[in-house]
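Peer 1: Going by the working numbering, the first residue of the sequence shown is number 10, and it counts up by one from there. Ideal Cβ positions, reconstructed from N, Cα and C, are used throughout, including at glycine.
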Amino acid sequence: MDWGMKNRLSRLIQADGKALFLPIDHGYFQGPTHKLEKPGETIKPLLQYADAIMLTRGVLRNCVDSAMNKPVILRVSGGTSVVGEDLANEAITTSVEEIIRLNASAVSMSVFVGSKYEHQSLTNLATLVDACEDYGIPVMAVTAVGRELEKRTARYLALCCRIAAELGARVVKTYYCEEDFEKVVDGCPVPVVIAGGPKVDSQLEVFEFVYDGMQKGAIGVNLGRNIWQTEHPVAAIRAIRTIIHDNYTPEEAQSLFEQVKAGKA
Ligand code: R5P
Numbered sequence: 010m011d012w013g014m015k016n017r018l019s020r021l022i023q024a025d026g027k028a029l030f031l032p033i034d035h036g037y038f039q040g041p042t043h044k045l046e047k048p049g050e051t052i053k054p055l056l057q058y059a060d061a062i063m064l065t066r067g068v069l070r071n072c073v074d075s076a077m078n079k080p081v082i083l084r085v086s087g088g089t090s091v092v093g094e095d096l097a098n099e100a101i102t103t104s105v106e107e108i109i110r111l112n113a114s115a116v117s118m119s120v121f122v123g124s125k126y127e128h129q130s131l132t133n134l135a136t137l138v139d140a141c142e143d144y145g146i147p148v149m150a151v152t153a154v155g156r157e158l159e160k161r162t163a164r165y166l167a168l169c170c171r172i173a174a175e176l177g178a179r180v181v182k183t184y185y186c187e188e189d190f191e192k193v194v195d196g197c198p199v200p201v202v203i204a205g206g207p208k209v210d211s212q213l214e215v216f217e218f219v220y221d222g223m224q225k226g227a228i229g230v231n232l233g234r235n236i237w238q239t240e241h242p243v244a245a246i247r248a249i250r251t252i253i254h255d256n257y258t259p260e261e262a263q264s265l266f267e268q269v270k271a272g273k274a
């Protein structure tokens, strides 16, 4: 592997082999998402606890201080919206020159396996990988399901992750599933990070799925709404960080969460 690629990956995946990515890219198809209306404000207290942030060029340029020192994972696919016909009909939205200009450490894009636009999104991935590999920039593939959240079974996710890795993704982001998640990770030759999905009811539930996903081989998370849409985002991200980097159990993480919430840690 080339030095530049290795260096970028090492900025994202920490020395312990783990990673906590904080995504705030939701506006690229959802508009001003709840609690992300002002992305710069949302991330201000959270940034220090994240290993990288994931966002589009528009939010990066307009809402994030250029002196901040966290690596950037640039979302470079889009062209659809929640009120449009089909979320899967994405294109690549950012040139390699722009990716380099913005000093991105990686890029990410969605693939929609099994959708009407499967071929388009997968060939977009291959084309993006070709363009980015020339400059040592890793591509993180996002296995997207659009509105069909029920698709998130191990069999389907394993299929998506493997295909994304085969097409050259250096990291794959996928959903967690309760049953057989280890099969998703085991069938994927590149590191897997877990996306959070819609906000769940209790904080402990998040700690439990992150913990279980890590036990089953994920290297970390790319978790947004279950951090910044919660009542106590700083307590949430700090607790999740301990599961990822300090091997905390869900109960230990919950205890830290309560302490931070109460201003005691
Ligand atoms: C989808 O809109 C984006 O790719 C998000 O980055 C991804 O879904 C992770 O965010 P969340 O944890 O909110 O699902």
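(1) May I ask whether a heavy atom of the ligand R5P can be found less than 6 Å away from the beta carbon of Leu232?
(2) Whose C-alpha, out of Thr152, Glu214 and Gly226, is nearest the C-alpha of Ala245?
(3) Report the CB separation of Val81 from Ala113 in whole angstroms; it is logged as a contact under 8 Å.
(4) Considering only the alpha carbon of each residue, which of Phe190, Ile108, Pro242 and Thr65 lies closest to Cys8?
(5) Once DSSP output is grouped into helix, strand and coil, what is the label at Lys53?
(6) Skipping 5 residues on each side, what residues in its chain have a beta carbon closer than 8 Å to that of Arg70?
(7) What residue range is occupied by the uninterrupted alpha helix (DSSP H) comprising Phe266?
(8) For Phe121, which of helix, strand or coil comes out of DSSP?
(9) Quick check: is any heavy atom of the ligand R5P less than 6 Å from the C-beta of Ala204?
(10) For Ile146, name the three-state secondary structure that DSSP assigns.
(11) Please classify Ala24 as buried or exposed, where buried requires at least 16 other C-beta atoms within 10 Å of its C-beta.
(12) Taking the runs of the alpha helix (DSSP H) that are 4 residues or longer, which of them lie wholly in the stretch 198 to 249?
(13) Hey, how far is the Cα of Cys169 from the Cα of Val148?
(14) Which residues in the same chain have their Cβ closer than 6 Å to the Cβ of Asn133, if we skip the five residues on either side of it in sequence?
(15) Considering only their Cβ atoms, is the gap separating His241 from Lys270 smaller than 7 Å?
(16) Within 8 Å, do at least three Cβ pairs link the stretch 121 to 140 to the stretch 168 to 184?
(17) Roughly how many angstroms lie between the CA atoms of Cys197 and Tyr144, to the nearest whole one?
(18) Express the C-alpha separation of Ala248 and Trp237 in angstroms, rounding to a whole number.
(19) Is the beta carbon of Thr152 less than 7 Å from the beta carbon of Cys186?
Peer 2: Taking the geometry as given:
(1) yes
(2) Glu214
(3) 5 Å
(4) Not covered by the structure: residue 8. The range shown for the chain is 10 to 274.
(5) coil
(6) Leu111
(7) Pro259 to Lys270
(8) Coil, per DSSP.
(9) yes
(10) coil
(11) exposed
(12) With a minimum length of 4 residues, the continuous alpha helix (DSSP H) runs that stay inside the stretch 198 to 249 are 212 to 224 and 234 to 237.
(13) Their backbone Cα atoms lie some 15 Å apart in a straight line.
(14) Ile101
(15) yes
(16) Because the criterion of three Cβ pairs below 8 Å is met, the stretch 168 to 184 and the stretch 121 to 140 touch.
(17) 24 Å
(18) 13 Å
(19) no
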